[in-house]
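In the working numbering, the protein residues as written are 54 to 293.
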């Protein structure tokens, strides 16, 4: 082997090792973020929330209007049907652990969708209703934006809600703020204002909670890959 070929081989090995180290460092950071979110959430809150969610169980309202572009499982799916893996995320826009998950994995999930490694379905829940109506209003607003402006704008709205998430037990933004964020995401105010203020998809949101309860969901975020619930910190490995 020539000196030039040996040098090229060494450079390739060095680049591969560097890439692996960076990948490991990124996963370690993701795990730390999720651990912090779990600690902040607290086990007691999870138990109380699970009991509250069970109290919301009931029959699905078959007459409920659904937003255009939503799945039959009460969510927004990004990616193709023939993707290698199917990721489902049950979430609440007020849930701090959900924000930690988004902060850690949003870029990873976007890459997986673009590369065809995974489809991702976001299923918003009115899960933290004991803190007021913000969870319900944001889940409804998400549905309104999806219906009026489509999946890309709905995903942008989704991301803005997490980027500016209020404290669970603090003051929660009003409907005017939700409309402002919807417009910032790319929706037209005239197309979303009435639906946000009038809880246009309230029954659809309620159906989503009932479906999640029937599926055994007891906390947010609940992350599923190919039909199996996983530890959220292992998501990157699960969709490789």
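From the three backbone atoms N, C-alpha and C, an ideal C-beta is built for every residue, glycine too.
In the DSSP secondary-structure assignment, residue 283 is bridged to 276. Residue 155 counts as buried, since no fewer than 16 other beta carbons sit within 10 angstroms of its beta carbon. In the structure shown, residue 270 falls within a coil segment according to DSSP collapsed to helix, strand and coil. Only residues of its own chain outside the window of five on either side were considered, and among them none has a CB closer than 8 Å to the CB of residue 223. In the DSSP assignment, residue 190 falls within the alpha helix (DSSP H) that extends over 187–202. Beta-bridge pairing by DSSP links residue 211 to no other residue. Going by DSSP, residue 120 is part of no beta strand (DSSP E) at all; its letter is neither H nor E. Residue environment analysis places residue 275 among the buried positions, since at least 16 neighbouring C-beta atoms fall within 10 angstroms of its C-beta.
Our two residues, residue 183 and residue 139, have alpha carbons roughly 31 Å apart in a direct line. According to the DSSP assignment, residue 143 belongs to the beta strand (DSSP E) that extends over 138–144. Residue state for residue 171 is assigned as strand, using DSSP reduced to three classes.
The segment 211–258 is shown to contain whole alpha helix (DSSP H) runs of 4 or more residues at 228–238, 242–250, in chain order.
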